[in-house]
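These notes are about the structure you will find just below.
In our numbering, the protein residues as written are 867 to 1089.
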C-alpha cells in the first residue's frame, strides 16, 4: 500500500509540484510583515510543530515495544514473531505467524506513512495561515511609506498616492487569488491519496474473503 501510494505521488508530479512550488516561489516571505509579525508567526508555528512532534513521538513509541522484542517463546508453542496482546494458537497453521509479521509491518508503515502525510499537511497549512496574516497586515498598512510627510487630505487628493496604493491593492488581490486556489489543489491531492488507500484496503479484504478462508478466521479473531 505504501509503495503504491508513493507510486501515485510520483505519477502525479504536476499536482504535487504545483502545491509545493506555489509555497516556495510565489508566496511572500514572512519577513515582509516586519518584526512584530515575525514574532507572532514564529510563536504560532512553533506551537503547531510541537504538537506534531508530540504526536509523531507517541506513534513511534507505540510501535517500539513491538519491534524491540521480536521473539517470545511460549511453553509448548511456536515462538511468536512479536509481543501480542491477544492470545492466538499458533500450532494451527504457520499462516498465523506470517500474519503476525504482516501486522507489525503494516503498523510500522502506517505510522510512518501517516507521519509523512501529516508533515506535508502541517507545512502547507502553516504556510497558508502565515500568508493570510501577512496579507491582512499589509492591507491594513497599505499606504505606509507613501507621502508620509504630507497631510491625509493632500495624500488622498494626490494622483501619485492613488496610483501607488492601487498598485499595492492589485498585488494583494493577486496574492489573495493564489491563496484561494492553493487549498483547493491541496484538498484534491489529499482526497485522491486517501481514496487510493481505501481502494487498496478494500481490494486486499476482498482477496482474503475469496481466496483464503483460513485467513478470514484469523482476521475475525483479531477484530
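The C-beta atom is built at its ideal place from N, Cα and C for all residues, glycine as well.
query                                                                                                                                                                     : result
Give me the Cβ distance between residue 927 and residue 973, rounded to the nearest whole Å; I'm assuming they're in contact under 8 angstroms.                           : Contact doesn't hold; Cβ gap of about 13 angstroms is too wide.
For the pair the region 982-992 and the region 1014-1027, tell me if three or more CB-CB distances fall below 8 angstroms.                                                : no
How many angstroms separate the CA atom of residue 968 from the CA atom of residue 984?                                                                                   : 24 angstroms
Within 10 angstroms of the Cβ of residue 1048, are there 16 or more other Cβ atoms? Answer buried if so, exposed if not.                                                  : buried
Decide if residue 952 is buried, meaning its Cβ has at least 16 other Cβ atoms within 10 Å, or exposed.                                                                   : Low confidence applies to residue 952: its pLDDT is 48, below 50, so where it sits in the model is not reliable, and the reading given next is rough at best. By the 10 Å Cβ count, residue 952 comes out exposed.
Alpha carbon to alpha carbon, how far is residue 950 from residue 903?                                                                                                    : Note on residue 950: pLDDT 49, under 50, position unreliable in the model; no value is reported.
Mapping DSSP to helix, strand and coil, what is residue 836?                                                                                                              : Not covered by the structure: residue 836. The range shown for the chain is 867 to 1089.
Just to confirm before moving on: does the CB-CB distance between residue 1045 and residue 994 stay below 9 angstroms?                                                    : yes
Helix, strand or coil for residue 995, going by three-state DSSP, please let me know.                                                                                     : helix
For residue 970 and residue 976, what's the separation of their Cα atoms in angstroms?                                                                                    : 10 angstroms
Touching or not, the region 916-924 and the region 1001-1009, by the rule of three or more beta carbon pairs under 8 angstroms?                                           : no
Go ahead and label residue 997 buried or exposed: buried means 16 or more other beta carbons lie within 10 angstroms of its beta carbon, across all protein chains shown. : buried
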